[in-house]
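**Student:** Everything in the sequence shown is counted per the numbering used here, starting at 2 for the first residue and increasing by one.
From the three backbone atoms N, C-alpha and C, an ideal C-beta is built for every residue, glycine too.
One structure, pasted below without further comment.
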Amino acid sequence: MISEKQKLAIVALAVLLVGEVIAVISIGLIYFNRAFFGEHINIIRTFVNASTAFFGCFFSFLAALLMFQYLKYRENQKEVRKTTRLFTKLKKEYQNNYSALVELGGEIANGSTELAKLLKESQKVRDLFVLGVYRLDFIMYDTYYHDTDWQLIREVDRNSESYLELFELSHQIEYLCQAIVENKINSEESLRQLLVLITQKIGTLQQHQLEIELKERPMETDSETDYAAEPVGVEMVQD
Numbered sequence: 002m003i004s005e006k007q008k009l010a011i012v013a014l015a016v017l018l019v020g021e022v023i024a025v026i027s028i029g030l031i032y033f034n035r036a037f038f039g040e041h042i043n044i045i046r047t048f049v050n051a052s053t054a055f056f057g058c059f060f061s062f063l064a065a066l067l068m069f070q071y072l073k074y075r076e077n078q079k080e081v082r083k084t085t086r087l088f089t090k091l092k093k094e095y096q097n098n099y100s101a102l103v104e105l106g107g108e109i110a111n112g113s114t115e116l117a118k119l120l121k122e123s124q125k126v127r128d129l130f131v132l133g134v135y136r137l138d139f140i141m142y143d144t145y146y147h148d149t150d151w152q153l154i155r156e157v158d159r160n161s162e163s164y165l166e167l168f169e170l171s172h173q174i175e176y177l178c179q180a181i182v183e184n185k186i187n188s189e190e191s192l193r194q195l196l197v198l199i200t201q202k203i204g205t206l207q208q209h210q211l212e213i214e215l216k217e218r219p220m221e222t223d224s225e226t227d228y229a230a231e232p233v234g235v236e237m238v239q240d
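So this is what it looks like as structure tokens:
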């Protein structure tokens with residue numbers, strides 16, 4: 002993929018090459034039509050003057066192009082900063098939701114197979130479940146996620162793609178929980194299956210979150226690992 006700097010260099014060289022070709026052709030036409038232009042024309046001086054004029058135009062064009070690229074770069078940096086702020090807020094929102102979902106998943110798992118029945122028959126259990134779901138907050142996600150170009154953040158943060166997937170997954174879980182809160186599930190068996198699905202998705206969410214944390218955690222150096230393992234080896238020799 003050609004970068005912006007490479008594109009700029011290619012355009013500048015192309016303009017320079019075309020200009021020089023035009024200058025040489027023009028001088029050639031003048032030289033072979035000296036009778037028309039007059040014998041007193043100095044070809045070398047004419048070429049130098051034409052080249053000087055062309056280079057003046059060329060460098061003016063190059064300066065304008067560089068200014069355009071600079072303004073484009075500044076605008077891009079503003080977008081990057083804006084997107085980074087949004088991503089940071091979304092990440093903070095996700096971390097709060099992640100804690101609530103893990104806790105909710107634990108409550109569902111503790112309820113085992115009886116939870117579906119209790120959600121249908123016990124108002125107290127249902128109220129506790131509803132309160133757990135209402136702890137989830139997706140205001141930033143609903144407002145900005147689908148209207149933002151996240152390609153900018155992908156270019157500066159290697160883990161951003163993984164977090165964006167977690168944002169979506171956590172929102173999917175919240176949507177499934179809302180189906181229970183809004184009484185969209187009629188049968189007890191369907192409710193039981195939905196609870197199993199929610200538990201599985203929360204487990205997947207935890208697994209992916211752990212993978213990201215392992216990536217972000219600084220790795221131990223080989224020397225530190227060898228040093229930590231050395232006493233064990235010495236003890237084995239002594240035994």
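Classify GLN69 as buried or exposed, calling it buried when 16 or more other Cβ atoms lie within 10 Å of its own Cβ.
**Tutor:** Here residue 69 refers to the residue found at position 68 when the sequence shown is read from its first residue. The sequence as given places Phe at residue 69; Gln does not occur at that position. That one is exposed.
**Student:** Taking the alpha carbon of LEU102 as the reference point, which residue from LEU63, GLU214 and LYS202 has its own alpha carbon closest?
**Tutor:** Counted from its first residue, the sequence shown places residue 102 at position 101. The residue with the shortest Cα to Cα distance from LEU102 is LYS202.
**Student:** Nearest by alpha-carbon distance to GLU94: which of MET141, VAL134 and ARG127 is it?
**Tutor:** Translated into positions along the sequence shown, residue 94 becomes position 93. The option with the nearest alpha carbon to GLU94 is MET141.
**Student:** Exposed or buried, which one is THR205 when buried takes at least 16 other CB atoms within 10 Å?
**Tutor:** For the purposes of this step, residue 205 is taken as residue 204 along the sequence shown, with counting starting at 1. Flag for THR205 reads exposed.
**Student:** Between CYS178 and VAL134, how many whole angstroms is the CB-CB distance? I'm expecting something under 8 Å.
**Tutor:** Here residue 178 refers to the residue found at position 177 when the sequence shown is read from its first residue. Here residue 134 refers to the residue found at position 133 when the sequence shown is read from its first residue. At roughly 4 Å, the Cβ-Cβ gap stays under 8 Å, so CYS178 and VAL134 are in contact.
**Student:** Specify whether the segment 137 to 156 and the segment 84 to 93 touch according to this definition: at least 3 beta carbon pairs, one from each stretch, less than 8 Å apart.
**Tutor:** Touching, per the Cβ criterion.
**Student:** With burial defined as no fewer than 16 other Cβ atoms inside 10 Å of the residue's Cβ, what is the status of GLN78: buried or exposed?
**Tutor:** Counted from its first residue, the sequence shown places residue 78 at position 77. With fewer than 16 Cβ atoms within 10 Å of its Cβ, GLN78 is classed as exposed.
**Student:** Look at the alpha carbon of GLN173 and the alpha carbon of LEU167, and state the distance between them as a whole number of angstroms.
**Tutor:** Counting from one through the sequence shown, the residue named residue 173 turns up at place 172. Counting from one through the sequence shown, the residue named residue 167 turns up at place 166. GLN173 and LEU167: Cα-Cα distance of roughly 10 Å.
**Student:** On the CB-based measure, 16 or more other CB atoms within 10 Å of its CB, does ASN111 come out buried or exposed?
**Tutor:** On the sequence shown, position 110 is the one that residue 111 refers to. With fewer than 16 other Cβ atoms within 10 Å, it is exposed.
**Student:** So the candidates are VAL157, GLU212, LEU165 and ILE199; which of them puts its Cα closest to the Cα of ARG82?
**Tutor:** Walking along the sequence shown from the start, residue 82 turns up at place 81. Closest option to ARG82, Cα to Cα, is VAL157.
**Student:** How is the alpha helix (DSSP H) around ILE181 delimited, first residue to last?
**Tutor:** As a position in the sequence shown, residue 181 is number 180, starting the count at 1. Run containing ILE181: 161 to 182, per the alpha helix (DSSP H) assignment.
**Student:** Measuring alpha carbon to alpha carbon, tell me which residue in ASP143, PHE60, GLU169 and ARG159 is nearest GLU217.
**Tutor:** Position 216 of the sequence shown holds residue 217. Nearest C-alpha to GLU217: ARG159.
**Student:** Can you tell me where the alpha helix (DSSP H) with LYS216 in it begins and where it stops?
**Tutor:** On the sequence shown, residue 216 is found 215 positions in, with the first residue counted as 1. Segment 189 to 217, the alpha helix (DSSP H) holding LYS216.
**Student:** If you drop the 5 nearest sequence neighbours on each side, which residues of the same chain put their C-beta closer than 6 Å to that of ILE11?
**Tutor:** Taking the sequence shown and counting its residues from 1, the one referred to as residue 11 is at position 10. The answer is none, since no qualifying residue turns up.
**Student:** Start and end of the alpha helix (DSSP H) containing TYR145?
**Tutor:** Mapped onto the sequence shown, residue 145 falls at position 144. Element bounds for TYR145: 140 to 145.
**Student:** For ARG155, which residues of its own chain have a beta-carbon under 7 Å away from its beta-carbon, when the five flanking residues on both sides are left out?
**Tutor:** For the purposes of this step, residue 155 is identified with residue 154 of the sequence shown, where counting begins at 1. Counting only Cβ-Cβ distances below 7 Å, and skipping sequence neighbours, we find SER161 and GLU162.
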